[in-house]
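Numbering-wise, the sequence shown is residues 23 to 219 according to my numbering.
Backbone N, C-alpha and C fix where the C-beta goes; we use that ideal spot for every residue, glycine too.
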Amino acid sequence: MNNIHTVFDKIKSRQFKERILNQHAKVIWFTGMSGSGKTTLASLLEEKLFDAGFFCQILDGDNVRSGINNNLGFSEEDRVENIRRIAEVARLFLNCGIIVICSFISPTKHMRQMAKEIIGEDDFLEIFVNTPLEICEKRDPKGLYKKARAGEIKDFTGITSPFEAPENPFLSVENAEPEIEKTVERIFKSVVPLLRQ
Numbered sequence: 023m024n025n026i027h028t029v030f031d032k033i034k035s036r037q038f039k040e041r042i043l044n045q046h047a048k049v050i051w052f053t054g055m056s057g058s059g060k061t062t063l064a065s066l067l068e069e070k071l072f073d074a075g076f077f078c079q080i081l082d083g084d085n086v087r088s089g090i091n092n093n094l095g096f097s098e099e100d101r102v103e104n105i106r107r108i109a110e111v112a113r114l115f116l117n118c119g120i121i122v123i124c125s126f127i128s129p130t131k132h133m134r135q136m137a138k139e140i141i142g143e144d145d146f147l148e149i150f151v152n153t154p155l156e157i158c159e160k161r162d163p164k165g166l167y168k169k170a171r172a173g174e175i176k177d178f179t180g181i182t183s184p185f186e187a188p189e190n191p192f193l194s195v196e197n198a199e200p201e202i203e204k205t206v207e208r209i210f211k212s213v214v215p216l217l218r219q
C-alpha cells in the first residue's frame, strides 16, 4: 500500500460534475430475492429518470458477474466480495455525479451495511423489493428455484441460504401485483426530490 498515491484531490469534484449534470447523485440499491422483480423495476425506473432529464447507470447482478466479477463464485466469501466490488464501482459513478441504480440480491444485512459504508449513508437509498417467496418461485424466470429444489444449486437464497430482510429500508415495495407501473411511479416520486439540484 505504500506505493499507492491517490489523485482524488486533483480531479474535478463531485459537486462540479453534479452542477454540469444538474442533479444530485445517489445510489438506489434494489435488494430482494431472485425473481422478485429487481431488474424489471430498475430498468423501468431508469427509463422514467432519463425521461425526466436525469443521467443514470444501472449495475445489475448478471451483467456485473459476466464482467468485472466473472472470477467470483457463490460462496459466502465470494458473495461478500461481489457486493464490495459493486459498492466501490457505484461510488466511482457517484463521484462523477451519476445516479446509480443497483440491482442485487445482497441477501444479508452485513453485505448491505458494508455497501452503505463504502457508498456513504446519505447517498445510499435502499429499496426492498418485498415479493413473497412463493411468487418469486412461481415466476422463476431463470429456472434457478427448480434447480435449487433439485439440489443442483447449493446455497441458493430463499431455499438453502437465508435472505435477511432489511429492517429500515428507504422504501419497501411489493412487486406481487400486476400493476408494476404504479410501483415504479411510487419509487420515482420517492427518489426524485433527493435527485433534483
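Q. Leaving out the 5 sequence neighbours to the left and right, which residues in its chain are closer than 7 Å to residue 161 when beta-carbon positions are compared?
A. These residues qualify, in order along the chain: 57.
Q. From 178, 196, 192, pick the residue whose C-alpha is nearest to that of residue 157; which is it?
A. 196
Q) Do the region 50 to 66 and the region 80 to 88 touch if we need at least three Cβ pairs shorter than 8 Å? A) yes
Q. If you compare alpha carbons, which of 167, 132, 143, 165 is closest to residue 187?
A. 132
Q | residue 147 versus 30, 190, 31, residue with shortest Cα-Cα distance | A | 190
Q: Might you give, ordered along the chain, the residues of its own chain that have their beta carbon closer than 8 Å to the beta carbon of residue 118, omitting 5 neighbours on each side?
A: 36, 39, 47
Q. Contact between the region 161 to 174 and the region 125 to 142: three or more CB pairs below 8 Å?
A. No, they do not touch.
Q | Candidates 107, 72, 76, 74: closest to residue 87 by CA position | A | The shortest C-alpha separation from residue 87 is found at 107.
Q: Would you grab the beta carbon distance between residue 116 and residue 145 for me? Rounded to a whole angstrom, and I think it's under 8 Å.
A: 6 Å
**Q.** Outcome for residue 95 when other beta-carbon atoms lying within 10 angstroms are tallied against a minimum of 16
**A.** exposed
Q: Kindly indicate which three-state DSSP category residue 140 falls into: helix, strand or coil?
A: helix
Q | Residue range of the unbroken beta strand (DSSP E) whose run includes residue 148 | A | 146 to 151
Q: Report the residue from 104, 76, 194, 126 whose alpha carbon sits nearest the alpha carbon of residue 218.
A: Minimum Cα distance to residue 218 is reached at 76.
Q | Nearest-angstrom beta carbon gap, residue 49 and residue 141 [assumed within contact, 8 Å] | A | 5 Å
Q: Put residue 120 into one of helix, strand or coil per three-state DSSP.
A: coil
Q: On a CA-only basis, which of 112, 176, 125, 150 is nearest residue 98? Give me that one, please.
A: 176
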